[in-house]
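Everything in the sequence shown is counted per UniProt numbering, starting at 1 for the first residue and increasing by one.
One structure is given below, encoded as structure tokens.
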Amino acid sequence: ERKYPHIDRNHLLQICARIGPVLEKEIPPCVPGAISLLGAGRQSLLRTQE
């Protein structure tokens, strides 16, 4: 029995897949389309406008 049956095993993967395109619209990377969870600086999913 799962504690949260409404959450699939790939739930985090689905969230990450949706965050990338939203972030690209708000804060574009240096190289368009280059998205990586392991990237640094302007290629990071954790980048900020500063």
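In this text, a Cβ means the ideal position worked out from N, Cα and C, and glycines have one as well.
query: If you check the beta carbons only, do residue 53 and R9 fall under 7 Å apart?
result: Shown here, the chain extends from 1 to 50; a query on residue 53 therefore has no answer.
field: Other residues of its chain near R42: CB distance less than 7 Å, five sequence neighbours each side excluded
entry: Position 42 of the sequence shown, counting from 1, holds the residue named residue 42. Excluding residues up to 5 positions away in sequence, P29, C30 lie with their Cβ nearer than 7 Å to the Cβ of R42 in the same chain.
The alpha helix (DSSP H) enclosing K25, as first and last residue numbers: Counting from 1 along the sequence shown, the entry for residue 25 is found at position 25. K25 -> alpha helix (DSSP H) spans 11 to 26.
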